[in-house]
Amino acid sequence: MSTPHADRQDPTTPDTTPPPLQQTLVGGGALLIGAIMAVGAASIPSEAGYGGVGPNALPWLVAAVLLLCGAWLIWESRTGGFRQMEPPSGAPRADWRSAAWVIGAVVANAALITTIGFVLACTLCFVLAVRGIRRSEGKVGGGVRQLVIDVVTGVLIAAPVFWLFNKLLALNLPAITPGGWL
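Residues in the sequence shown are numbered from 1 upward in steps of one, following the UniProt record's numbering.
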């Protein structure tokens, strides 16, 4: 019986390709998300804005691409599996503690952005996410010096984005100062 990767160069390497059912589920997940996006896009008004493009144009584009990719992934999985797929890299098991740091970073950002402002919420998100990424690489901690470097780096990333959106593009992101500079 032939496997989807019978033509690999090293026959001693075990085939770690997910079974076609799992591959089909990935495609089905993309289709489902695309369909949800399409339902959401349909609920957005389509009046043309600047340049004749309405506010629902990008959600429709994303939905269409997700639907196309989902259909393609399902076709690939049902006609022999993902072809020429590299063996997975990294650890054989997920590092859930590291993932919890990154998930916590995103949740904290969403929960605090209107309370402490965009810059501080995004800085906190950066600091927590970087800690999770370092942890996944086996580089836990780093001490006070590393924490200060992470905070400064987070501010140096978040502040220009905030100022670009608020001052240049006139899109109001949550601020903690009345003048909108932080």
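The beta carbon of each residue, even a glycine, is placed where N, CA and C say it ideally should be.
Item                                                                                                                                                                        : Value
Go ahead and pull the three-state DSSP assignment for M37.                                                                                                                  : helix
What ranges does the alpha helix (DSSP H) occupy inside the UniProt domain "DUF1468" (28-174), keeping only unbroken runs of at least 4 residues that lie completely in it? : 57-78, 96-116, 118-136, 143-163
With a threshold of 8 angstroms on Cβ separation, who are the neighbours of V140 within its own chain once the five nearest residues in sequence on each side are excluded? : R134
Is there contact between the segment 73-90 and the segment 106-121, where contact requires at least three CB pairs shorter than 8 angstroms?                                : no
Check whether the segment 62-80 and the segment 27-39 touch, using three or more Cβ-Cβ pairs below 8 angstroms as the test.                                                 : yes
Based on Cα-Cα distance, which residue from W72, D95, S46, P45 lies nearest to V26?                                                                                         : W72
Compare the Cα-Cα distances from V93 to each of S77, W101, S136 and report the closest residue.                                                                             : Reading off the sequence, residue 93 comes out as Arg, not Val. Selected option, being the one with the closest Cα: S136.
Among the residues of its own chain, which have a CB less than 7 angstroms from the CB of R145, if the five just before and after it don't count?                           : none
Nearest to P55 by CA position, among I44, L120, Q22, G138, is which residue?                                                                                                : I44
Would you check if the distance between the CB atom of A30 and the CB atom of P59 is smaller than 8 angstroms?                                                              : no
Hey, out of L61, A111, L120, whose CA is closest to L156's CA?                                                                                                              : L120
Indicate whether G104 and L128 have their beta-carbon atoms separated by less than 8 angstroms.                                                                             : yes
Considering Cα atoms alone, identify which of F126, A99, P174, V39 is closest to V148.                                                                                      : F126
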